[in-house]
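Shown next, in structure tokens, is the structure this report addresses.
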Amino acid sequence: MTDAPRAPRPLPVIQGDVTRRALMKGAGAMLGAAAFARALQPLTEWAQDLSVDQFLQRHYREMSPDEMQAVLRRLEAQAKEDYGADVRIDDVRPQPGVQFAYALNLSVCVGCRRCAEACHEENNHDRPSGNSYIRVLEMTKGSMDMEQGRADYDGPVPRPDKFYMPVQCQQCDDAPCVKVCPVEATWKEQDGIVVVDYDWCIGCRYCEAACPYHARRFNWTKPQVPADEVNPDQAYLSNRIRPQGVVEKCTFCLHRTRRGRLPACLEACPTGARVFGNVLDPDSDIRWVLENKRVYVLKEELGTRPRFFYFFDK
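This is the structure:
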């Protein structure tokens with residue numbers, strides 16, 4: 035784990051109703067004078083206003099336990115108001131002695147996309163867009179170049195002479211996305227998961243541009259999730275419904291995995307292609323894979339040191 039410096043304090047209020055997010059959207063994104071002026075216009079679709087409590091909220095790593103509990107209760111009330119759903123949002127912290135990693139057997143993945151569907155439902159994604167943190171690429175056998183893969187394939191799967199490679203956040207140990215964030219809204223936790231404080235993100239999208247795996251998503255609109263489809267089991271740094279105007283990403287379902295459960299995508303896989311666990315546990319399935327299979331990482335030449343591994347049976 036790399037300990038980042040303490041996050042800066044929120045900017046002061048300017049002209050009363052201008053928000054920290056609106057201001058930083060203009061300044062941080064460096065969009066020029068016209069765009070900066072636009073960012074200072076409150077109550078527009080582009081600049082999301084914050085309440086007083088949100089504006090004064092401290093960075094995740096600076097909040098006291100009491101402050102965090104107050105934030106969680108506020109977010110629960112907001113979910114009830116916006117979506118009509120009763121949810122429970124917790125602050126689920128890393129477990130000591132745990133380092134998570136993921137592996138995927140490309141020999142048995144059939145490209146059914148059930149993992150992506152499970153991710154979509156588990157993580158309270160916008161329903162009309164069908165968003166997911168997982169893209170499944172149809173690849174030509176003999177190539178591992180993800181840039182040549184097709185995410186828009188259709189028809190019966192698997193197809194002859196093709197294999198299928200799901201791609202999601204690689205939870206890099208040297209994560210480019212973390213390095214470029216101007217407000218330290220994203221960082222790597224001690225169990226290896228790269229997280230985002232969605233209340234601190236200013237939506238500049240630097241991290242999205244820096245990620246070589248196309249693993250981050252920007253919330254262009256307020257997510258639409260029917261009340262009866264909202265997953266009520268949520269965590270502050272994980273699957274709570276994200277606000278408009280922030281970048282979001284896979285967290286290895288930390289609201290599940292930090293409590294000893296498996297990621298939703300793994301449970302949905304019909305072929306057993308996915309392996310997840312604690313690499314510090316010598317008896318874990320993930321440790322066995324890393325010790326007994328020839329594993330690959332995507333774009334190894336970039337030196338990002340992913341915690342997501344791929345392998346074939348032979």
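With my numbering applied, the sequence shown closes on residue 348, and no number is skipped along the way. Beta carbons are placed, not taken as given, at the ideal position from N, Cα and C, and that holds for glycine.
{"Query": "Supposed contact pair Pro162 and Pro210 - C-beta distance, whole angstroms, cut 8 angstroms", "Result": "Actually they are not in contact, since the Cβ atoms of Pro210 and Pro162 sit about 30 angstroms apart, beyond 8 angstroms."}
{"Query": "The segment 205-222 in contact with the segment 290-298 per 3-pair CB rule at 8 angstroms", "Result": "no"}
{"Query": "For Thr174, three-class secondary structure by DSSP", "Result": "strand"}
{"Query": "Trp254 to Pro340 span [Cα, whole Å]", "Result": "28 angstroms"}
{"Query": "Cβ neighbour criterion (16 or more within 10 Å) applied to Leu138", "Result": "buried"}
{"Query": "Distance between Trp221 and His93 (C-alpha atoms, nearest Å)", "Result": "12 angstroms"}
{"Query": "Under 7 angstroms between C-beta atoms of Gln224 and Pro304", "Result": "no"}
{"Query": "Cα-Cα separation between Pro200 and His159, rounded to whole angstroms", "Result": "18 angstroms"}
{"Query": "Option in Phe343, Lys283, Glu282, Asp317 with minimal Cα separation from Ala307", "Result": "Phe343"}
{"Query": "Contacting residues, own chain, Cβ-Cβ under 6 angstroms from Asp125 (five flanking each side not counted)", "Result": "Met102, Tyr270"}
{"Query": "Bridge partner(s) assigned by DSSP for Val228", "Result": "Lys222"}
{"Query": "Start and end residues, beta strand (DSSP E) containing Asp267", "Result": "267-269"}
{"Query": "Whole-angstrom distance between Cys203 and His248, CA atom to CA atom", "Result": "8 angstroms"}
{"Query": "Beta bridge counterpart(s) of Glu282 as assigned by DSSP", "Result": "Arg251"}
{"Query": "C-beta contact flag for Met30 and Leu332 at 7 angstroms", "Result": "The chain is shown from 35 up to 348; residue 30 falls before or after that span and cannot be answered."}
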